[in-house]
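Protein sequence lines correspond, in order, to chains A and B. Following my numbering, the numbering of the first sequence begins with 950 at its first residue and continues without gaps. Following my numbering, the numbering of the second sequence begins with 87 at its first residue and continues without gaps. For every residue, glycine included, the Cβ atom is placed at its ideal position computed from N, Cα and C. Predicted, not measured: the structure shown is a model, and the values here were computed from it. What follows is a single structure, written as structure tokens, with notes after it.
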Amino acid sequence: MKQHFFVFDPSLCFGCQGCVAACINVNHIKGDQQWRKVFKLPPHHGNHDTMYLSMACNHCENPPCVQACPANAMQVRQADGIVILDQDRCLGCRYCQMACPFDAIVWMEDTKTVGKCNMCCERLDKGQEPACVETCFSGALQFVTLETDEEKDDWLKEIIGFDHDKEAKPRLRFVKDLKNNPSEQKK
Amino acid sequence: MQEKFSHAIPLILFTTLLPVAMGLEIGAALAVCTGEINTSTLRPILYWSGGFSILAAVLVSLHLGRPTKGPTSLRGVLHSCLSREIVFGGCFAGLLFVSIVVAHTAPENSLLTVLLVCTGIFGLATSFVIGRVYDLATQLSWRGLVPSLGSVLASLLTALLILLMLNRDAEQITSVRNYFYLVLILDAFFSVMKLQNYLHLKRNSNILTYPRYQTLVILCLGGKLPLAAIVLFVMQKPFLITFSLIGLLIVLDRIAFYASAARRTPRSNIAGAKDQRMQAALNSKAND
Chain A
950 MKQHFFVFDP SLCFGCQGCV AACINVNHIK GDQQWRKVFK LPPHHGNHDT MYLSMACNHC
1010 ENPPCVQACP ANAMQVRQAD GIVILDQDRC LGCRYCQMAC PFDAIVWMED TKTVGKCNMC
1070 CERLDKGQEP ACVETCFSGA LQFVTLETDE EKDDWLKEII GFDHDKEAKP RLRFVKDLKN
1130 NPSEQKK
Chain B
87 MQEKFSHAIP LILFTTLLPV AMGLEIGAAL AVCTGEINTS TLRPILYWSG GFSILAAVLV
147 SLHLGRPTKG PTSLRGVLHS CLSREIVFGG CFAGLLFVSI VVAHTAPENS LLTVLLVCTG
207 IFGLATSFVI GRVYDLATQL SWRGLVPSLG SVLASLLTAL LILLMLNRDA EQITSVRNYF
267 YLVLILDAFF SVMKLQNYLH LKRNSNILTY PRYQTLVILC LGGKLPLAAI VLFVMQKPFL
327 ITFSLIGLLI VLDRIAFYAS AARRTPRSNI AGAKDQRMQA ALNSKAND
């Protein structure tokens, strides 16, 4: 099965929030219901610049939200492993929010359901990239499709401020050859 | 996750009322099995159990964004604990309704005993599953068996209290009272464990979902201990006083349970990493 990954390079991101704005525009969501968020990372050794982390749903390999959802509103797309949410089925119990280790599921007050990144699966089906990736002009946020499991180890799984959940196995990776590699501090 | 604690209020009331309703039914079922109850006493207990169950169902629907979509919650029964809770709870409510009907139409029929026992088993199973629903890998304060057993202990305390009220045999009263003391002491012991766990988590306040309610959690868990002691002293007093105190004990447990929610999120990880960095910088400056 092919798998899609978000690959992020914190040394290139300067926190413009363009990815957040693109996500809001494409998915027609309100500004306070961000599916993608930009976090300010703690300072790293040898680097006094502020560093950022852009993160949305990580479309985990073993998604806890899918396990938790009583209505089967959260489902894994068999073709590529994207975790999609069927809002028509959602009853708004917010149990998935409790189960998500990444706080990636958002309460949508207007629809009284939860909402989350669907990796722009409709755009993917048309051969386009997710809106956030397409908008990121610094190249910090990238999108990669892998066919084999071996290729997954070409990137870092965690940096300071982002712990890789071994049970959920999030599909978010970080570039190894960062200018000021935050993982050096992690070690 | 929703940061407003008010969202948890319907859940606090639900997880208080439903175990009490189940406890009432289990107590009645045990009394029927030991022959300590007649139909005229049984019926009101079943009515109260049914009333509490209906109230609990109404209250729990208030926390749903779309209560009309409630029936869809059975789709995930193969993998979701929440679905299983609804299935067990539904079976309990259905059997309870049939028991009430049979208690009216054929009170002397042995079918009533079988029905009451089956309802009680489903009640106990539901109480257990209510706790297991929250045993999520992400929820640091709710992991494990101890937090899961809160609803079961609530049901058992209510059931034993009902049995004490109905029993007339002095020897049986002593043995039921001993069981009641045992469950009460177990509940108090678990409260101490939960308090210890919470104080451990509290040191890293970034992970608390409701950091403003730290004092409330400590007061509720700490307050359960003197309250349990008071229950021991008022056991001989009218049933209603002991029942109200047990109810208060359960409410305090549920408030503490929901208010003690703690989990690691990207935001808490980043805040934690910042704190570590700050501490390391201060330490190195102090060493220089």
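One question on the structure: do residue i and residue j come within less than 8 Å of each other, judged by their Cβ atoms?
i                       : j                       : result
residue 959 of chain A  : residue 1004 of chain A : no
residue 244 of chain B  : residue 337 of chain B  : no
residue 296 of chain B  : residue 347 of chain B  : yes
residue 100 of chain B  : residue 145 of chain B  : yes
residue 1066 of chain A : residue 1014 of chain A : no
residue 206 of chain B  : residue 111 of chain B  : yes
residue 1059 of chain A : residue 951 of chain A  : no
residue 356 of chain B  : residue 988 of chain A  : yes
residue 1110 of chain A : residue 990 of chain A  : yes
residue 1045 of chain A : residue 1023 of chain A : yes
residue 262 of chain B  : residue 272 of chain B  : no
residue 274 of chain B  : residue 311 of chain B  : yes
residue 1138 of chain A : residue 166 of chain B  : With chain A covering 950 to 1136 only, the question about residue 1138 of chain A has no answer from this structure.
residue 203 of chain B  : residue 280 of chain B  : no
residue 1084 of chain A : residue 967 of chain A  : yes
Below 8 Å on C-beta distance, what does residue i contact in chain B?
i                       : result
residue 1052 of chain A : 87, 351, 352, 353
residue 1110 of chain A : 352, 355, 356, 359
residue 988 of chain A  : 352, 353, 356
Please decide whether residue i counts as near chain B, where near means a Cβ-Cβ distance under 8 Å.
i                       : result
residue 1016 of chain A : yes
residue 1038 of chain A : yes
residue 1044 of chain A : yes
residue 1116 of chain A : yes
residue 969 of chain A  : no
residue 991 of chain A  : yes
residue 1062 of chain A : yes
residue 1000 of chain A : no
Which same chain residues end up closer than 6 Å to residue i when comparing Cβ atoms and leaving out the 5 residues on each side of it in sequence?
i                       : result
residue 220 of chain B  : 228
residue 1130 of chain A : Because residue 1130 of chain A sits at a pLDDT of 47, beneath the cut-off of 50, its placement in the model cannot be relied upon, and the following sentence gives the value as read from the coordinates. Contacts found: none.
residue 213 of chain B  : 105, 108, 237, 238, 241
residue 955 of chain A  : 1121
residue 1118 of chain A : 1009, 1010, 1011
residue 1036 of chain A : 1062
residue 131 of chain B  : 110, 114
Any heavy atom of the ligand ZN inside 7 Å of the beta-carbon of residue i?
i                      : result
residue 221 of chain B : The ligand ZN is absent from the structure shown, which contains no ligands of any kind.
For the alpha helix (DSSP H) containing residue i, name the first residue and the last one.
i                       : result
residue 277 of chain B  : 256 to 288
residue 936 of chain A  : Residue 936 of chain A is absent from the model: chain A starts at 950 and stops at 1136.
residue 190 of chain B  : 167 to 191
residue 251 of chain B  : 236 to 252
residue 1051 of chain A : That residue, residue 1051 of chain A, is in no alpha helix (DSSP H); it is neither H nor E in DSSP.
residue 365 of chain B  : 352 to 373
residue 320 of chain B  : Element bounds for residue 320 of chain B: n/a, residue is neither H nor E.
Shorter than 8 Å from the beta carbon of residue i to some beta carbon of chain A?
i                      : result
residue 288 of chain B : no
residue 166 of chain B : yes
residue 241 of chain B : no
residue 340 of chain B : no
residue 169 of chain B : yes
residue 162 of chain B : yes
residue 172 of chain B : yes
Output, in chain order, the set of chain B residues within a Cβ distance shorter than 7 Å of residue i.
i                       : result
residue 1007 of chain A : Result: empty, since nearest Cβ-Cβ is about 10 Å, beyond 7 Å.
So the beta strand (DSSP E) residue i belongs to, where does it begin and stop?
i                       : result
residue 990 of chain A  : 986 to 990
residue 1121 of chain A : 1121 to 1123
residue 329 of chain B  : From DSSP, residue 329 of chain B is part of no beta strand (DSSP E) but of the alpha helix (DSSP H) over 325 to 345.
residue 148 of chain B  : Residue 148 of chain B -> not in any beta strand (DSSP E); alpha helix (DSSP H) instead, spanning 125 to 148.
residue 956 of chain A  : 952 to 957
Which residues in the same chain as residue i place their Cβ atom closer than 7 Å to its Cβ, once the five residues preceding and following it in sequence are excluded?
i                       : result
residue 1043 of chain A : 1056, 1063
residue 334 of chain B  : 313
residue 1116 of chain A : 1011
residue 123 of chain B  : 114, 117, 252
residue 259 of chain B  : 250, 253
residue 358 of chain B  : 290, 292
residue 96 of chain B   : 145, 146, 148, 149
Run down chain A in chain order and give the residues with a C-beta less than 7 Å from the C-beta of residue i.
i                      : result
residue 365 of chain B : Neighbours of residue 365 of chain B on chain A: none; closest Cβ ~12 Å, over 7 Å.
residue 225 of chain B : 1047
Who are the neighbours of residue i on chain A, taking C-beta pairs under 8 Å?
i                      : result
residue 155 of chain B : 1020, 1038, 1039, 1040, 1041
residue 159 of chain B : 1019, 1020, 1040, 1042
residue 291 of chain B : By Cβ distance, chain A contributes nothing, its closest Cβ being about 17 Å from residue 291 of chain B, past 8 Å.
residue 236 of chain B : Simply none; closest approach about 17 Å.
Residue i touches chain B at which residues, Cβ-Cβ below 9 Å?
i                       : result
residue 1013 of chain A : 222, 223, 224
residue 950 of chain A  : Simply none; closest approach about 20 Å.
residue 1004 of chain A : 352
Closer than 8 Å by C-beta to residue i: which residues in its own chain qualify, once you throw out the five before and the five after it? Chain order, please.
i                       : result
residue 1106 of chain A : 1113, 1122, 1123
Select from the region 137 to 156 of chain B all residues with a C-beta closer than 7 Å to any C-beta belonging to chain E, and list them in chain order.
-> In summary, chain E is missing from the structure at hand, where the protein chains are A and B.
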